[in-house]
Amino acid sequence: MLANLGETAAGVRELAEAYRRGYREQSRLVRLSDRMQADLQRANQRLSAQQRTLQSLNEVLSSEIEHRIRLESELRRLADTDPLTGALARRRFLEVCEHDWGRRENGPCCLMMLDLDHFKRVNDGYGHAAGDAALVAFVAACRANLRPADAIGRLGGEEFAILLAETGLEAGRGVAERVRAATAATPVATPRGPLAVSVSVGLVEEQPGERFEDALKRADGALYAAKHDGRDRVRIGPAPDAPGTA
303 MLANLGETAA GVRELAEAYR RGYREQSRLV RLSDRMQADL QRANQRLSAQ
353 QRTLQSLNEV LSSEIEHRIR LESELRRLAD TDPLTGALAR RRFLEVCEHD
403 WGRRENGPCC LMMLDLDHFK RVNDGYGHAA GDAALVAFVA ACRANLRPAD
453 AIGRLGGEEF AILLAETGLE AGRGVAERVR AATAATPVAT PRGPLAVSVS
503 VGLVEEQPGE RFEDALKRAD GALYAAKHDG RDRVRIGPAP DAPGTA
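Counting in this note's numbering, the final residue of the sequence shown is number 548, and the numbers go up one at a time with none missing.
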């Protein structure tokens, strides 16, 4: 009987020791789990902070890229546009003409060369401010008689050129006459009173296989003829190798 009690007591002690070991191991695992959860929570907090930082940096970068795109677009616009009149700058106008010239899918183009008459007298007699106002008014009068597909460029000083897209000679003559008449009908206000301005125009129609630079020379010759014949008029350049002007 005593032996059985001793065995029972020993078994109880072993069971109690096993329970204590299990409890200690469970406690250790709980503490380890708590530490791991705390570490994971701190890691998540750091990750969230880093994500917020990255998001903020991305927003700054996106804003910087958009600003740079707008700036580059504005710089291109300034490089392509005459700052006074808003007409295309010479380089850009010639690029447009070189690209469009010879593309006759829907008919030829017409090219106009235009020069304001006696413009030096305007600057000398009324001042450069009046001259600038005359140039601005002239381009506005041109635009009022052009289509969105047409292009007007300032080649230098008071000399301009217009490319009429998909326009035959007779239609081009009509546009040129309207531009000439609109210019004459638009006096410029100056401190000395209204200033009448006129323009001479040389017009040519694109010919099959003709290079743009050759058409430009023909238009310039027609402009010279308009000046020679008394100014404030339109003259049509001859076809290549044809005599005279109309």
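Just so you know, even glycine gets a beta-carbon here, dropped at the ideal spot from N, CA and C.
In its own chain, which residues sit with a C-beta less than 7 Å from the C-beta of residue i, not counting the 5 before and 5 after it?
i, result
"residue 536", "475, 478, 479, 482, 503, 505, 528"
"residue 340", "none"
"residue 435", "490"
"residue 419", "500, 501, 502, 533, 534"
"residue 354", "none"
"residue 317", "none"
Would you mind working out which of the options sits nearest residue i, comparing C-alpha positions?
i, options, result
"residue 448", "517, 430, 460, 468", "468"
"residue 542", "521, 486, 417, 526", "521"
"residue 404", "509, 532, 534", "509"
"residue 534", "454, 465, 416, 429", "416"
"residue 427", "442, 438, 498", "498"
"residue 453", "394, 368, 331, 342", "394"
"residue 442", "389, 432, 466, 431", "389"
"residue 495", "348, 397, 429", "429"
"residue 515", "337, 368, 463", "463"
"residue 488", "526, 440, 352", "440"
"residue 432", "356, 312, 343, 492", "492"
For residue i, which residues of its own chain have a beta-carbon under 6 Å away from its beta-carbon, when the five flanking residues on both sides are left out?
i, result
"residue 421", "460"
"residue 384", "391, 456"
"residue 517", "413, 506"
"residue 444", "454, 481"
Whole-angstrom Cβ separation of residue i and residue j, contact assumed at under 8 Å?
i, j, result
"residue 511", "residue 523", "That pair is no contact at about 19 Å."
"residue 402", "residue 411", "6 Å"
"residue 438", "residue 387", "6 Å"
"residue 446", "residue 484", "6 Å"
"residue 458", "residue 409", "At roughly 30 Å, the Cβ-Cβ gap does not stay under 8 Å, so residue 458 and residue 409 are not in contact."
"residue 465", "residue 398", "7 Å"
From the DSSP output, which residues share a beta bridge with residue i?
i, result
"residue 506", "413"
"residue 446", "Residue 446 is not bridged to any residue."
"residue 537", "504"
"residue 456", "391, 462"
Verify the CB distance criterion: does residue i have a CB-CB separation below 9 Å to chain B?
i, result
"residue 340", "The chain labelled as chain B is not found in the depicted structure, where only one protein chain is given."
Near residue i, what residues of its chain come up, given a Cβ to Cβ distance below 8 Å and the 5 sequence neighbours on each side ignored?
i, result
"residue 400", "514"
Could you pull out every unbroken alpha helix (DSSP H) segment of at least 4 residues lying fully inside the region 380 to 432, listed in chain order? Secondary structure within the region 380 to 432: the alpha helix (DSSP H) runs of 4 or more consecutive residues, fully enclosed, are 392 to 402, 421 to 428 (chain order).
> Considering only residues of the region 458 to 503, which uninterrupted alpha helix (DSSP H) runs meet the minimum length of 4 residues and lie entirely inside it, listed in chain order?
Replying inline: As far as the region 458 to 503 is concerned, its whole alpha helix (DSSP H) runs of at least 4 residues are 471 to 486.
- Query: What residue ranges within the region 334 to 368 form continuous beta strand (DSSP E) runs of no fewer than 3 residues, ordered along the chain?
  - Reply: Counting only runs of 3 or more, we get nothing.
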